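Q: Quick note, the sequences are listed as chains A and B, same order.
Counting from 1, position 56 in the first sequence corresponds to residue 1438 in my numbering; the numbering is continuous, with no gaps.
Counting from 1, position 325 in the second sequence corresponds to residue 327 in my numbering; the numbering is continuous, with no gaps.
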Amino acid sequence: MNYIDLFRATLPETALEVAALLVLVVDLGFLRRVAMKTRVAVAALLGIAGCAAALWAVSAAGPFSWGDDVLLTAGGSAGVAQCAILVLTALTLLLLVDADFTRNAGEYVAVLLMAAAGGLIISAALDLLVIFVGLELLSLGLYILTAFAKRSGKSAEAAMKYYLFGGMSAAFLLFGFSYLYGLCDSTNLHEIALAATVGRANGATPLLYIALVMIAAGLGFKVAAVPFHLWAPDTYEGAPAPAAAFIASVSKVASFALLISIGSALTHIFDSFHTGIVFVRFGFPTRYLGLQAPWELILTVLAVASMVFGNLAALAQSSVRRLLAYSAIAHAGYILLGLAFFSWSNMSAQAILYYIVTYGLTTIAAFGVVGVVERANGSDKMDAFLGLHKRNPMLAAVMLVLFLSLAGIPPLVGFWAKFNLFAAVLKVSGGAVPFTLVALAVAFSAVSLYYYLQVLKRVYVMPGPDESPIKAHPVTMATLVVIAAAVVVLGCFPALLQNWIAGFYPAI
Amino acid sequence: MLAYAIYISFAGALIAALLPKGRPALARWWALGVAVAGLVIGGAGYAAGMGQGREVIVDALWIPSMGIHYMLAADGISRVLVLLTGIAAVAGVLFSWNFELRTNQFFAFYLALIGGVYGVFLSFDFFLLFVFYEIAIVPKYFLIAIWGSTRREYGAMKLALYSFVGSAMVLIGLLAAYTTAGGHSTALIDLARAGLPVSFQMWCFPLVFVGFAILAGMWPFHTWAPTGHVAAPTAASMLLAGVVMKLGAYGCLRVGIGLFPHGLDPWGFSFLGIGSWRDVFAWLAVIGIVYGALVALAQTDFKFVIGYSSVSHMGFVLLGLMTLNQIGLDGAVLQMFSHGIIAGLLFAIVGRIVYDRTHTRQLAELEPMHLSRRLPFAAWAFVIAGVASMGLPGFSGFVAELQVLVGAWRMNPWWTVVSGVGIIVGIAYIWRAMQKAFFTDVLPKPEDHPKTGWHDLGAITWPEITGVALLLICTIVVGLYPRILLDSIEPAVKALLAGGMQ
């Protein structure tokens, strides 16, 4: 890979960085004396333009040849994730329009774009060092975004917790990476997978397991899987609403795209064998729980813990933001199940991407609604939503659609995503273990309905103390309505998004 | 053509939600129009489909990569239940004519529920059926929680959670059947032809059957039913008892028995005379019949009496399904129709005609009110509906329950004997409720008698008379000439018994 190729491969990231610098220059250079609203609007618009340019660059980047030392990939899962990251980033920028938490909109947008660039890198990266750099770029951006509401103590506290947890998990990740490099003598994911399976590292399995556990800890932090989830509720609660929306959607998409790359690398090497795939995976001494490989076992444990703990803890929440945080943990659990039973065809990757993209879309809008209600009531407690259907019927209807979709009620997109994911798990492996795990996941999504209904009950059923209408900025409202409409349309016609995703993969 | 019943209901729901807020009359007439349109389509479809077997209405690939079909079809069983839904929907609108609170929202949820119910009865794809099944569940929660009465939030949440636990079991069954069959198609016909292994059917059948049977009020998973019925506004309890419980029973029949026929095979060993899932569920149904009737006998709340009677009558449906013979299954389907009509009528009388005027449902408080003199229409209607509910000849319930009992006798006489006890207790609880609510002989003491006469309870309005007449005519017509439905049901049941879904 020469530098021209590298530049071509990083064109989307470059576009975002240029846009970030441009936002800073325009905002601090020309608009210092202009009204706050204009500055926010200009910054958001420039940011969206940057996303659009990067989106063009992503679609223009053709799939380029595979080499042994390839650093970044394009197309396939990476292409889907990059497009999704850019679209979701643009949507979170639209929610910024009537935000009042900061007077430095330009800096906020610049940091956001840089974090998104980090997300783009990790969804395409195939090399440990590039992965780490991308992750740090993303994470550092997120810490700053969390702390951006400078007048709020909660925001600062959340950022501090997030930063400390993040720093520690980055250390774990790096530790795991260093072991992996030492064992496999390469930083390329495919090389490592090959070496770990049939090569030198096969003899040193205990060290390999330690490395994998460390890496799972680092990545588990990013996707907020139990027991590495402790930052999530505080961050979701303290961060400004648009930043929380970004953390809950874009960062999740990027992190799961990275996990998909790892899963694909582990299964990709078996392309040449075609048959007997399951039996040669790693030198796992015995079968634990019917699983052959340590990575699958680790992911399964994380998945089960996240599903169970996330759903149960969400039952006890009184703050909608914390509820969304615990529900995000639960959703991460379902997706990790898909990663634990990963298919060597593209089926699992597509199902996971479908899930995470639609989940990101839904959760952005959910934070949008929370943000509007919070500005009107000064609280994100469930009781702040009392009587919302009278105060703003449209917002209430959006909320109904989003929360029912998160609960997985057909014909909304959340249901289809779950069905697709669970069907993929069962298609990969038909034994009793995956079946039990899917049954557990379905049972817990029935549990999740209870807490989503608790919120909807306040929106629609219980009378509110205050019936004055809530006004939302037309742009915010339009964004929320469009997302809710997308949730309905994609749920009724799931093939639309599915075909779009499948279009990124080379035809077999 | 029947498919338009679904589309009209959903479009009607959407438009009802967008109607202006302050115009309840507009929303009512709109809902009535939509419901009548659904009934007309259902009736026309029924008449047109008379004597025909299964006809496919729409079959399009919905999600090509997963092999999920948008497949609507109708056979005799579907047509009967679509007709029932149409009748119940119209009657429900008529009995909610006095609604003033958030009327347009009420009818939006109501019509969405109806649309989902039509969809379930017409779906011949497991995935599609599940989608409509869940669509029918959500509006119920809001209908009860917003417009209900006694402990409405508790009743609504309990109902929603029971329904979702049931549908989660069905979803697991759906995923398992789909992947076990190879993951090529979710159409019921394809799944049935896939030759699912007997060992698989053995565990998947009870899972799916119980999942659906929760909604059909099978003992011991029935406890949502009485509380839900009591908490619900009149129209919603009519729909709950009238059609939503039928969704469960229909799922048991179409999916449970149709897809996993070998799940009913003997286990190869028996314990206390129970040697198959069929025995298990038949006994649970029989227990439900007797238990529901006994508990109804002890209630002090008028609506709870009807609520528990629903559990008892749905027991007959499930018992009929478990007979697995022609006459028993005919009876089960006919009982679905019959109970839908009669329970709707009883709930309408208790919830709308009596409660909305007296504001109490306690039998002890109704006793001194002398409703037979003050609301003679209600008293007469309840006598006829009660007699129909007892299962006297000349009403639809008689034909249906008789067939179920005959079918059960052929399989295991004890089922019939024990269920017979339930019928006798059924006469007792209806009689007791009738006596206490309307025809008490406790004369008011002279000092209790108001000097200026009883305060006016309000005249019976035309929607009430129309609704009662509609439902009464249905039960009497079917009771006197059951072939009007049985001609349709019999061939469909025969086909189902002969080859499962194939």
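Ideal placement from N, C-alpha and C gives every residue a C-beta, glycine not left out.
Since the structure is predicted, the reported quantities are computational estimates derived from the model, not experimental observations.
1) Whose C-alpha, out of 1621/A, 1635/A, 1476/A, is nearest the C-alpha of residue 1431/A?
2) Let's see if you can read the secondary structure: which residues bound the alpha helix (DSSP H) around residue 315/B?
3) Excluding the five sequence neighbours on either side, which residues of its own chain have a C-beta within less than 8 Å of the C-beta of residue 1632/A, listed in chain order?
4) Run through DSSP, which three-state label would residue 231/B get?
5) Measuring CA to CA, which of 95/B, 87/B, 112/B is closest to residue 467/B?
6) Under the DSSP definition of a beta bridge, which residues are partnered with residue 60/B?
7) Measuring alpha carbon to alpha carbon, tell me which of 414/B, 399/B, 443/B ends up nearest residue 478/B.
8) Skipping 5 residues on each side, what residues in its chain have a beta carbon closer than 6 Å to that of residue 1487/A?
9) Buried or exposed for residue 1881/A, going by 16 or more other Cβ atoms inside 10 Å?
10) Could you name the residues of the stretch 52–72 of chain B whose beta carbon sits closer than 9 Å to any beta carbon of chain A, in the order they occur along the chain?
11) How would you call residue 1878/A, buried or exposed, if buried means at least 16 neighbouring beta carbons within 10 angstroms?
12) Suppose you measure from the CA of residue 1636/A to the CA of residue 1509/A; what does that come to, to the nearest Å?
13) So, is residue 443/B buried or exposed, given that buried needs 16 or more other C-beta atoms within 10 angstroms?
14) Given 8 Å as the limit, is there contact between the stretch 221–228 of chain B and the stretch 269–276 of chain B, that is, 3 or more CB pairs closer than that?
15) Would you call residue 1892/A buried or exposed, if buried means 16 or more other Cβ atoms sit within 10 Å of its Cβ?
16) So the beta strand (DSSP E) residue 278/B belongs to, where does it begin and stop?
17) Roughly how many angstroms lie between the CA atoms of residue 76/B and residue 334/B, to the nearest whole one?
18) Can a CB atom of chain B be found closer than 9 Å to the CB of residue 1660/A?
19) Please state whether the Cβ-Cβ distance between residue 329/B and residue 424/B is less than 9 Å.
20) Report yes or no: is there a C-beta of chain A within less than 9 Å of the C-beta of residue 250/B?
21) Measuring CB atoms only, is the stretch 160–169 of chain B touching the stretch 200–218 of chain B, in the sense that at least three cross pairs come out at less than 8 Å?
22) Note down, in chain order, all residues in the stretch 132–151 of chain B with a beta-carbon under 9 Å from any beta-carbon belonging to chain E.
23) If you draw a straight line from the C-alpha of residue 1655/A to the C-alpha of residue 1643/A, how long is it?
24) When Cβ atoms are compared, which residues of the stretch 103–123 of chain B fall closer than 9 Å to chain A?
25) Would you mind reading off the limits of the alpha helix (DSSP H) that contains residue 398/B?
26) Looking at chain B, which residues of the stretch 1802–1814 of chain A have a Cβ within less than 8 Å of any of its Cβ atoms?
27) Hey, residue 343/B and residue 146/B are a contact pair by Cβ (cut 8 Å); roughly how many whole angstroms apart?
28) Kindly say whether residue 1672/A, judged by its beta-carbon, lies nearer than 9 Å to any beta-carbon of chain B.
29) Since residue 1786/A meets chain B, which of its residues come closer than 8 Å, beta carbon to beta carbon?
30) Rounded to whole angstroms, what is the Cα-Cα separation between residue 206/B and residue 63/B?
31) By alpha-carbon positions, which one of 1752/A, 1389/A, 1772/A ends up nearest to residue 1763/A?
32) What residue range does the alpha helix (DSSP H) around residue 269/B cover?
33) Whose C-beta lies closer than 7 Å to the C-beta of residue 1606/A among residues of the same chain, with five residues either side of it excluded?
34) Can you say whether residue 188/B is buried or exposed, counting buried as having 16 or more other CB atoms within 10 angstroms of its CB?
35) Pull up the CB-CB distance for residue 1539/A and residue 1620/A, whole angstroms please, since I reckon it's below 8 Å.
36) Taking the alpha carbon of residue 1795/A as the reference point, which residue from 1870/A, 1785/A, 1807/A, 1841/A has its own alpha carbon closest?
A: On the basis of the coordinates in this document:
1) Taking only the C-alpha atoms, the option nearest residue 1431/A is 1476/A.
2) Here the alpha helix (DSSP H) through residue 315/B covers 304–325.
3) Counting only residues of its own chain and dropping the five nearest sequence neighbours on each side, residue 1632/A has a CB closer than 8 Å to the CB of 1467, 1470, 1471, 1474, 1497, 1498, 1501, 1742.
4) helix
5) 95/B
6) 74/B
7) Ranking 414/B, 399/B, 443/B by Cα distance to residue 478/B puts 399/B first.
8) So the qualifying residues of the chain are 1421, 1422, 1425.
9) exposed
10) 63, 64, 65, 66, 67, 68, 70: these are the residues of the stretch 52–72 of chain B whose beta carbon lies less than 9 Å from some beta carbon of chain A, given in chain order.
11) exposed
12) 15 Å
13) exposed
14) no
15) With chain A covering 1383 to 1890 only, the question about residue 1892/A has no answer from this structure.
16) 276–278
17) 18 Å
18) Unreliable placement is indicated for residue 1660/A, whose pLDDT of 39 sits below 50; the coordinate value is still reported in the next sentence. Chain B, which has no Cβ nearer than 9 Å to the Cβ of residue 1660/A, makes this no.
19) no
20) no
21) yes
22) Absent from the structure is chain E; the protein chains it does hold are A and B.
23) Reliability fails at residue 1655/A, whose pLDDT of 43 lies under 50, so the model's placement of it is uncertain and no value is given.
24) 104, 107
25) 398–413
26) Those would be 1802, 1804, 1805, 1808, 1809, 1812, in chain order.
27) Not really, about 22 Å apart at Cβ, beyond 8 Å.
28) The predicted position of residue 1672/A is uncertain, since its pLDDT is 44 and thus under 50; no value can be drawn from it.
29) 140
30) Distance between the alpha carbons of residue 206/B and residue 63/B is about 26 Å.
31) 1752/A
32) From DSSP, residue 269/B is part of no alpha helix (DSSP H) but of the beta strand (DSSP E) over 268–273.
33) Closer than 7 Å at the Cβ level, and outside the excluded window around residue 1606/A, lie 1614, 1710, 1711, 1714.
34) buried
35) 6 Å between Cβ atoms; contact.
36) 1870/A
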